[in-house]
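In this text, residue positions in the sequence shown follow this note's numbering: the first is 982, and each later residue adds one.
Virtual Cβ for every residue (Gly too), placed ideally from N, Cα, C.
Have a look at the structure below, then the notes.
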Amino acid sequence: MTVKVPKYQEVAEWLKESIAAGVFMPGGKLISEPGLCKKFGISRHTARAAIAILEQDGIVSRKQGSGTYVNHFTSGARRKKIGILLTYADDYIFPTIISGIEEVLSEQGHGMSLSLTHNKVQNERNQLLSFLSDDIDGLIVEAVKSALPSPNLDIYDEFAARMIPCVFINTYHSSLDCNYIINNDVTGGRLAARHLIENGHDRIGGIFKHDDIQGSFRYKGFVKELYDHKLTLCDNSIVWYCTETLDKLFCSDQVGFILERLNGVSGVVCYNDQVSVRLIQACIKAGMNVPQDLSVVSFDNSNLSSITSVPLSSITHPGAEMGRHAARLILKNSNSLQSVHHIFEPQLVVRCSTRNISSPL
982 MTVKVPKYQE VAEWLKESIA AGVFMPGGKL ISEPGLCKKF GISRHTARAA IAILEQDGIV
1042 SRKQGSGTYV NHFTSGARRK KIGILLTYAD DYIFPTIISG IEEVLSEQGH GMSLSLTHNK
1102 VQNERNQLLS FLSDDIDGLI VEAVKSALPS PNLDIYDEFA ARMIPCVFIN TYHSSLDCNY
1162 IINNDVTGGR LAARHLIENG HDRIGGIFKH DDIQGSFRYK GFVKELYDHK LTLCDNSIVW
1222 YCTETLDKLF CSDQVGFILE RLNGVSGVVC YNDQVSVRLI QACIKAGMNV PQDLSVVSFD
1282 NSNLSSITSV PLSSITHPGA EMGRHAARLI LKNSNSLQSV HHIFEPQLVV RCSTRNISSP
1342 L
């Protein structure tokens, strides 16, 4: 004889399975009693009895006046492993991004596996293949050399085919229909140039990176702002570099090339704080003074911007908040991750590396 399972037990089993599948996340709200009544066509009493089973098992907790929440690190919730693939990790803006990701994942009871590419295409490919074989539940990734055609799109397509959600941060491969969280670098380029223009500078140079799309976007905003103010773009005062040439660009026998290109400009917009610090060091060695001889505006507002010899006027980067946002997004159901684009709007933090040349010293 078949024994019919009570309805409240059926509902309780559905709730446990849903928590294990990640439908209801640790720390998040469980479906309400009225929601269960509507979904299963049951009474409020039956819904309450189903939730009571989970409460007795320590899977959920009721909060008076707020609802029922899934407990952290419960036996009923499956622990997910999220792959994190970044260019770098131990310095600059990356520790704050990683801490933001880790904060959300640990709060929700999930783990992470971090790998680095050092902005090299082959490293990206190797790490992506490793993540595929490791059966991760999602991937947060910073694209390698995103301004160049990528030979690794086939692997990203395989992630999509396996329904493994991916979220790009900082940058992305524009040929992919992908989810990304970035800073508005075009706006950042405008803000940087505008600050110099508003402080009397009409001949402005720039140092930009050409193998990542952040460099292209920052240059685009920079040029747009110059044109909007009817200023001339000084092409000879624009210096381009890539990942492999940065160190060579600032080595002792080459740094004169940069200063020669910037000769005649009163202000310069640099790709990021790391480049700005190197430029200031080169200026000091050449007997120049920042900002008296050259005003410098930077990007990322990293810890370097405030501890360097000349504190930098720098465009903000969301840092930890970008990491938190990426982690929250990757933990959602993959079907809800279709072409999600989140763009943080930057601001300029003004420090000592720029001055108004219309005013006396």
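Proximity winner among 1175, 1188, 1240, 1340, relative to residue 1270 (alpha-carbon distances):
Sequence index remark: in the sequence shown, residue 1270 carries index 289 (1-based). Of all alpha-carbon atoms in 1175, 1188, 1240, 1340, the one lying nearest the alpha-carbon of residue 1270 is that of 1240.
Cβ-heavy atom distance between residue 1273 and the ligand PLP below 7 angstroms?
Looking at this structure, you won't find the ligand PLP or any other ligand, since it has none at all.
According to DSSP, simplified to helix, strand and coil, what is residue 1026?
In the sequence shown, the residue the question calls residue 1026 occupies position 45. Helix, per DSSP.
For the segment 1233 to 1315, which segments carrying the beta strand (DSSP E) assignment without a break, of at least 3 residues, lie completely within its bounds, in sequence order?
Here the runs fully enclosed are 1248 to 1251, 1276 to 1281, 1294 to 1297.
Does the beta-carbon distance from residue 1061 to residue 1091 come in below 8 angstroms?
Position 80 of the sequence shown holds residue 1061. Position 110 of the sequence shown holds residue 1091. Between residue 1061 and residue 1091, the C-beta gap is smaller than 8 angstroms, which places the two residues in contact.
Going by beta carbon distance, what residues of the same chain come within less than 8 angstroms of residue 1266, once the five residues before and after it are set aside?
Counting from 1 along the sequence shown, the entry for residue 1266 is found at position 285. Non-local C-beta neighbours of residue 1266 in its own chain, meaning closer than 8 angstroms and more than five positions away in sequence, comprise 1236, ordered along the chain.
Quick one: what's got a C-beta closer than 6 angstroms to residue 1253's C-beta in the same chain, skipping five residues either side?
Numbered from its first residue, the sequence shown carries residue 1253 at position 272. Within the same chain, residue 1253 has close Cβ partners 1280, 1281.
Compare the Cα-Cα distances from residue 1174 to each of 1149, 1035, 1195, 1205 and report the closest residue.
Start at 1 with the first residue of the sequence shown, and residue 1174 comes out as number 193. Nearest C-alpha to residue 1174: 1205.
Residues sharing a beta bridge with residue 1069, DSSP:
If you number the sequence shown from 1, residue 1069 lands on position 88. Note: residue 1069 sits in no beta bridge, so no partner.
Comparing C-alpha positions only, which one of 1177, 1312, 1243, 1107 sits nearest to residue 955?
No statement about residue 955 is possible, as the shown extent of the chain runs from 982 to 1342 and does not include it.
Look at the alpha carbon of residue 1019 and the alpha carbon of residue 1306, and state the distance between them as a whole number of angstroms.
Reading the sequence shown from its first residue, position 38 is the one you call residue 1019. Reading the sequence shown from its first residue, position 325 is the one you call residue 1306. Residue 1019 and residue 1306 have their C-alpha atoms spaced approximately 32 angstroms apart.
Inter-residue spacing [alpha-carbon to alpha-carbon] between residue 1170 and residue 1297:
In the sequence shown, the residue the question calls residue 1170 occupies position 189. In the sequence shown, the residue the question calls residue 1297 occupies position 316. Cα to Cα, residue 1170 sits roughly 11 angstroms from residue 1297.
Residues that residue 1324 bridges to, as DSSP identifies them
Reading the sequence shown from its first residue, position 343 is the one you call residue 1324. Residue 1324 pairs with 1163.
With residue 1050 as the anchor, note down where its beta strand (DSSP E) starts and where it stops.
As a first step, residue 1050 must be located in the sequence shown, where it is residue number 69. Per DSSP, residue 1050 belongs to the beta strand (DSSP E) from 1048 to 1051.
So, for residue 1110: in the same chain, excluding its five sequence neighbours on each side, which residues have a beta-carbon less than 7 angstroms away from its beta-carbon?
Locating residue 1110 in the sequence shown gives position 129, where the first residue counts as 1. Its chain contains 1136 as the residues whose beta carbon lies nearer than 7 angstroms to that of residue 1110, once the 5 sequence neighbours on both sides are disregarded; these appear in chain order.
Does the distance from the C-beta atom of residue 1152 to that of residue 1219 stay below 8 angstroms?
Translated into positions along the sequence shown, residue 1152 becomes position 171. Translated into positions along the sequence shown, residue 1219 becomes position 238. Going by C-beta atoms, residue 1152 is not nearer than 8 angstroms to residue 1219.
How many angstroms separate the CA atom of residue 1133 from the CA atom of residue 1078?
Start at 1 with the first residue of the sequence shown, and residue 1133 comes out as number 152. Start at 1 with the first residue of the sequence shown, and residue 1078 comes out as number 97. Per the coordinates, the alpha-carbon of residue 1133 lies some 24 angstroms from the alpha-carbon of residue 1078.
Does DSSP put residue 1340 in a helix, in a strand, or in coil?
Within the sequence shown, the letter at position 359 stands for residue 1340. Reduced to three states, the DSSP call for residue 1340 is coil.
Residue 1095 - containing beta strand (DSSP E), residue span
Walking along the sequence shown from the start, residue 1095 turns up at place 114. Segment 1092 to 1097, the beta strand (DSSP E) holding residue 1095.
Spatial neighbours of residue 1294 within its chain, please: C-beta separation below 6 angstroms, excluding the five flanking residues on both sides.
If you number the sequence shown from 1, residue 1294 lands on position 313. Same-chain partners within the cutoff: 1278, 1331, 1332, 1334, 1335.
Measuring CB to CB, does residue 1243 end up less than 8 angstroms from residue 1250?
In the sequence shown, the residue the question calls residue 1243 occupies position 262. In the sequence shown, the residue the question calls residue 1250 occupies position 269. No. Outside cutoff.
Looking at residue 1083 and residue 1093, is the spacing between their C-beta atoms short of 8 angstroms?
Residue 1093 sits at position 112 when you count from the first residue of the sequence shown. Residue 1083 sits at position 102 when you count from the first residue of the sequence shown. Yes, Cβ-Cβ distance for residue 1093 and residue 1083 is below 8 angstroms.
Comparing alpha-carbon positions, which option in 995, 1225, 1247 lies nearest residue 1177?
Start at 1 with the first residue of the sequence shown, and residue 1177 comes out as number 196. Checked all of 995, 1225, 1247; the closest Cα to residue 1177 is 1247.
Spatial distance of residue 1211 from residue 1292 (CA atoms)
Taking the sequence shown and counting its residues from 1, the one referred to as residue 1211 is at position 230. Taking the sequence shown and counting its residues from 1, the one referred to as residue 1292 is at position 311. When only Cα atoms are considered, residue 1211 and residue 1292 end up about 30 angstroms apart.
Is the beta carbon of residue 1097 closer than 8 angstroms to that of residue 1067?
Your numbering for residue 1067 matches position 86 in the sequence shown. Your numbering for residue 1097 matches position 116 in the sequence shown. Against a cut-off of 8 angstroms, the Cβ pair of residue 1097 and residue 1067 comes out as a contact.
How big is the Cα-Cα spacing for residue 1069 and residue 1180?
Counted from its first residue, the sequence shown places residue 1069 at position 88. Counted from its first residue, the sequence shown places residue 1180 at position 199. Rounded to the nearest angstrom, the two C-alpha atoms are 35 angstroms apart.
Beta-carbon separation (whole angstroms), residue 1311 vs residue 1119, contact threshold 8 angstroms:
Stepping through the sequence shown from its first residue, residue 1311 is reached at position 330. Stepping through the sequence shown from its first residue, residue 1119 is reached at position 138. 4 angstroms between Cβ atoms; contact.
Suppose contacts are defined by Cβ-Cβ distances below 8 angstroms. Is residue 1011 in contact with residue 992 by that definition?
Against the sequence shown, residue 1011 aligns to sequence position 30. Against the sequence shown, residue 992 aligns to sequence position 11. Annotated as distal: residue 1011 and residue 992, with beta-carbon spacing of 8 angstroms or more.
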